[in-house]
Amino acid sequence: LDNLKLEAPQIDPAPEVRLKIDKECINGLGQTGDRMIIIINLAAIDRMLRKEIGAKRTL
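If you want it as C-alpha cells, here you go:
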C-alpha cells in the first residue's frame, strides 16, 4: 500500500461498474504519472464486511 497525495483535478468520480462490492466502497479514481489509483473508503468496506459476516452467522 502506498500513501499518495492527489489534488482534486487528478481525481475522477468512481465509474459505474458491476462489482460485488458497494459503490460507496470506492470514492474515485486518481492518476499519477502512468499509474491509476483506486481511492477506497475503508470504513465502508469494514461496514460491508461486518454486514456480510453477520448475515452468514444467522444462516
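The opening position of the sequence shown corresponds to residue -2 in our numbering, with each subsequent residue numbered one higher.
Every residue gets a Cβ at the ideal spot worked out from N, C-alpha and C, and that includes glycine.
Practice prompt. Taking the CB atoms as reference points, tell me whether G27 and L46 lie closer together than 9 Å.
Written response: In the sequence shown, counting from the first residue as 1, residue 27 sits at position 30. In the sequence shown, counting from the first residue as 1, residue 46 sits at position 49. No, the Cβ-Cβ distance between G27 and L46 is not below 9 Å.
Worksheet item: Looking at L3 and I37, is the spacing between their C-beta atoms short of 9 Å?
Response: Your numbering for residue 37 matches position 40 in the sequence shown. Your numbering for residue 3 matches position 6 in the sequence shown. Cβ atoms of I37 and L3: not closer than 9 Å.
Fill in: Rounded C-alpha distance that separates R32 from R44
Counting from one through the sequence shown, the residue named residue 32 turns up at place 35. Counting from one through the sequence shown, the residue named residue 44 turns up at place 47. Cα to Cα, R32 sits roughly 28 Å from R44.
Item to complete: Mind checking who R57 pairs with in its DSSP beta bridge?
Response: What is shown of the chain runs -2 to 56, which leaves residue 57 out entirely.
Worksheet entry | Per-residue burial, I18 [other beta carbons within 10 Å of its own, 16 or more giving buried] | Within the sequence shown, numbered from 1, the residue matching residue 18 stands at position 21. Exposed.
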